[in-house]
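Worksheet: one structure, shown below.
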Amino acid sequence: MPAQPTHDHSTLAGPAASFRDRARYVARSLACLKPYGPLVAGAYAAVFATTALAVWMPIIIRGIVDDGIRGGARAAITSGCALLLGLALVQALATFVTGVLTETASQNVAFDVRNRFHQKLQSLSFSFHDQAETGQLLARSVGDVDRIRFLTGRAFLNLVQMGTLSVCIPAAMIVVEYRLGLLTLCLVPLFVLSGLGLGRVLRPLSVKVRNQEAELTSFLEQNLRGARIVKAFGREAPQIAGFGERNLALLELQRQDAYWRAVYMPLMQFLAGAGTLLVLIVGGRLVIQGRLSLGELVAFSAYMALLAGPCRRLGWLIAAIAEASASAERIFEVLDLRSEITDAPGAPALGRVRGQIRFEHVSFGYSKRSKVLDDICLEILPGEKVAFLGSTGSGKSSITNLIPRFYDPTAGTVWLDGVDIRTVTVKSLREHIGVVLQDTVLFASTVRENIAFGKPEASDNEVRAAALAAHAHEFIEALPQGYATRIGEKGITLSGGQRQRLALARAILKDPEILILDDATSSVDVETEQRIQQALRGLMQTRTSIIIAQRLSTIREADKVFVLDQGRVVAVGVRTATETPHDQLLRSSGLYADLYEHQLRPTAGTAAAVPAAELGRAARPGEGG
């Protein structure tokens, strides 16, 4: 029975401990082969053919020795050798077919699982990505998927082949000479017990190795992502030491793994040699006594060598399958997650949007123990420019996160044009919303692709027009290849102001009915901000605009200003024919007056430079370009 899906905010657990859980994940992995049934059937048919030929060949050798060599019949030698050569060629061909079909099927499984894994990551809500470590997910999507490929390919195929040989070879030995066959079979439990013992040691060890590899990958990913911060704070040495500690822990685990494998192989070789020696001693006496032919003794030796192979690989295979089952659990653990943000059954697409937004007694927290928003009630009319103002942690970003359903409220309802946003499809809701975040996210692709990310079908003229509106066209044209220039990961080859202007161009190109700006001009200089504000005025005239305010110019142009404190709306300023929201709030709200005094009041230099804009803080040096 498959595991019940869990919510995507659940902590990713470690590998399952019980044999039943491991077997379940192995079965689920093998079920991924179902679409490739013909390939699998062909591969296993070839395996059974190879096994049958392997069991038959010692019998032919017996005939060559007894009838040809001892009987002096050259024809028997010639025909027997010719038959052996023909069977060896057929066996080689069957082995080739097995390898091709098995790898084709298992590689397809890896392709499917990797796609499903990536699709699941894209579908999971913000609450999952808030907690998940990128390095861990990278390790799962690469290393763990590859082990599922191994499990559904060579591992299980070898297990079937070993099982078939372990049954057929003893049966053939008993048919040839049952007493010597039964004696030889007494050695089989030694092989099996040794293999199981190694499996018990290597199984938990391999799980530790995989977890340590994931931790090392996660640490490396975080260091690469935060390379500038590491250098800025001079933390290279501690980070190098931290990586070295994790690398050393992985090395120690790998040494233990190598040690036990090194112990196991000589032990298996010794047991195989002892078994062959026993066959020669007992079988030799039977040959001397005339109770066993020389050809039968040679056939027994060949069967003993064939039997030692599967038994010798048993421990390695058990450990490999156990390791693959742990990887399968890590993959299916993510695939079984259920996003908190899902479409209601039969949810329709959102139709034409006017942009009226209403919060009705909305409360929200990122965890059950914390409440970020508390009983929020507010209304934004179509086409209004609304600003949210408050100190850090007051809930401004949380309100804007609820509108496109990045999260769902823990209580209350968010309405859009009189429709509960949870009753329409998420995709259709977000198609009408454009978001520009303070922490600008760009991709390692061309400038054009970044601008057209929300509208890939946009023409070059549309992309250029959006860049012009965001005052980004000039610096884009100065880049080595213009709009075809590839930018570094997260846009680190650009200045903060350039990145924000690309993000603005991306939102402008999408042309949404609702525009959310989270301090979207914080990284540009004063002059550039003025130009962007002019572009935004035209953009915001025909749509509902929601702005997290950090500058006085934003508040002066807003139709409505909500002041937040500790997750509650504590004051509202509304534009009238005679008053701006700023004037109202400055007169009626002590909290707003305090925020104005400490955050929004223009400095003397800024006021003198741009008195009309009344910008709240001077630009950061070097960030305008």
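Residue 695 is where the sequence shown starts when you use the working numbering, and the numbers rise one by one after that. Idealized CB from N, CA, C, for every residue including glycine.
{"Asked": "Selected residue, minimal CA-CA separation from Tyr1101, among Arg1116, Leu1110, Gly1112", "Found": "Arg1116"}
{"Asked": "Nearest-angstrom Cα separation, counted from Ile1242 out to Val1157", "Found": "26 Å"}
{"Asked": "Cβ-heavy atom distance, Leu1203 to the ligand MG, below 7 Å", "Found": "Questions concerning the ligand MG fall outside what the structure shown contains, since it holds no ligand whatsoever."}
{"Asked": "Reference Arg1269, options Gln1278, Gln906, Asn941, Leu881, closest by Cα", "Found": "Gln1278"}
{"Asked": "Ranges of the alpha helix (DSSP H) found wholly within the stretch 717-787, counting only runs of at least 4", "Found": "731-757"}
{"Asked": "Three-state secondary structure assigned by DSSP to Arg714", "Found": "helix"}
{"Asked": "Helix, strand or coil at Val1118 [DSSP, three-state]", "Found": "coil"}
{"Asked": "For Gly967 and Arg714, the rounded distance between their alpha carbons", "Found": "36 Å"}
{"Asked": "Residue span of the beta strand (DSSP E) that contains Ala1243, given as start and end", "Found": "Taken as a continuous stretch (DSSP letters only), Ala1243 belongs to no beta strand (DSSP E), as it is neither H nor E."}
{"Asked": "Alpha-carbon spacing of Asp840 relative to Met959, whole angstroms", "Found": "25 Å"}
{"Asked": "Close Cβ partners of Arg1311 (< 6 Å) along its chain, the five nearest in sequence each way excluded", "Found": "Annotation note: pLDDT 33 at Arg1311 (below 50); position unreliable, coordinate value reported separately. Same-chain partners within the cutoff: there are none."}
{"Asked": "Beta-carbon proximity of Pro1098 to Leu1123, cut-off 8 Å", "Found": "yes"}
{"Asked": "Nearest residue (CA-CA) to Arg1193, options Leu944, Lys814, Phe1137", "Found": "Phe1137"}
{"Asked": "Reference Val836; option with closest CA among Glu907, Ala952, Ala786, Arg894", "Found": "Glu907"}
{"Asked": "Where Ala1038 falls, given that 16 or more other Cβ within 10 Å makes a residue buried", "Found": "exposed"}
{"Asked": "Reduced DSSP secondary structure (H/G/I, E/B, other) of Gly1040", "Found": "coil"}
{"Asked": "Proximity below 8 Å, CB of Arg843 to CB of Leu1029", "Found": "no"}
{"Asked": "Supposed contact pair Pro864 and Leu879 - C-beta distance, whole angstroms, cut 8 Å", "Found": "5 Å"}
{"Asked": "Under the three-state DSSP convention, the category Ile923 falls into", "Found": "helix"}
{"Asked": "Within 8 Å, strictly: CB atoms of Leu859 and Thr745", "Found": "yes"}
{"Asked": "Close-in-space but distant-in-sequence residues of the same chain around Leu974 (CB under 8 Å, 5 per side omitted)", "Found": "Leu991, Ser995"}
{"Asked": "Pair within 8 Å by beta-carbon distance, Ala1161 and Ala1199", "Found": "yes"}
{"Asked": "Backbone CA spacing between Ala786 and Arg1007 [nearest angstrom]", "Found": "20 Å"}
{"Asked": "Given 8 Å, three or more beta-carbon pairs between the stretch 871-887 and the stretch 1047-1056", "Found": "no"}
{"Asked": "Residue closest to Leu947, alpha-carbon to alpha-carbon, out of Val901, Ser912, Ser1247, Arg1195", "Found": "Val901"}
{"Asked": "Secondary structure of Ala1081, DSSP reduced to three states", "Found": "strand"}
{"Asked": "Given Asn852 as reference, the closest of Ser821, Gly1003, Gln963 once Cα atoms are compared", "Found": "Gly1003"}
{"Asked": "Whole-number beta carbon distance between Gly1261 and Asp1068, since they are thought to touch under 8 Å", "Found": "4 Å"}
{"Asked": "Ile1035, enclosing alpha helix (DSSP H) - first and last residue", "Found": "Counting along the chain, Ile1035 falls outside any alpha helix (DSSP H), and DSSP gives it neither H nor E."}
{"Asked": "Meets three-Cβ-pair contact criterion under 8 Å: the stretch 761-779 and the stretch 806-823", "Found": "no"}
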